[in-house]
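In what follows, a structure is listed as structure tokens, so that the remarks can point back to it.
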Amino acid sequence: MKDQYDCLNKAQLSFEYLHTNSTTHTFLFGALAELVDNSKDAGAKNLDIYTCNNPYLRGGFYLAFLDDGCGMNYGKFCRIEINE
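Each number in my numbering comes from the position in the sequence shown (counting from 1) with 105 added on.
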């Protein structure tokens with residue numbers, strides 16, 4: 106399922122946003138559970154959680170969540186995207 110989204114641009118988040126978000130969830134599994142719950146709320150029937158290697162990131166990989174829920178349309182996504 107992830108191959109169909111490879112053409113999408115990646116969002117960039119500012120350090121301030123990441124810091125705020127990291128202080129919202131003091132328990133790692135609570136943050137992961139919220140991402141899973143967001144998929145359910147969007148009507149997803151499938152959710153893939155996988156890692157992607159990226160040597161330029163601290164730790165060398167990132168965790169990706171990909172579902173088939175209704176999510177946001179492109180316009181709404183662009184309005185909330187935070188750029189550095």
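Ideal Cβ placement from N, Cα and C applies to all residues, glycine included.
Note that the C-beta distance between G148 and G165 is not below 8 Å.
Comparing C-alpha distances from D146 to each of G176, K181 and F182 shows the shortest one belongs to G176. Cα atoms of N159 and L168: separation of roughly 11 Å, rounded to the nearest angstrom. Ranked by Cα distance from C157, the options N151, L171, N178 and S144 are led by L171. Look at F170 here: in three-state DSSP terms it is strand.
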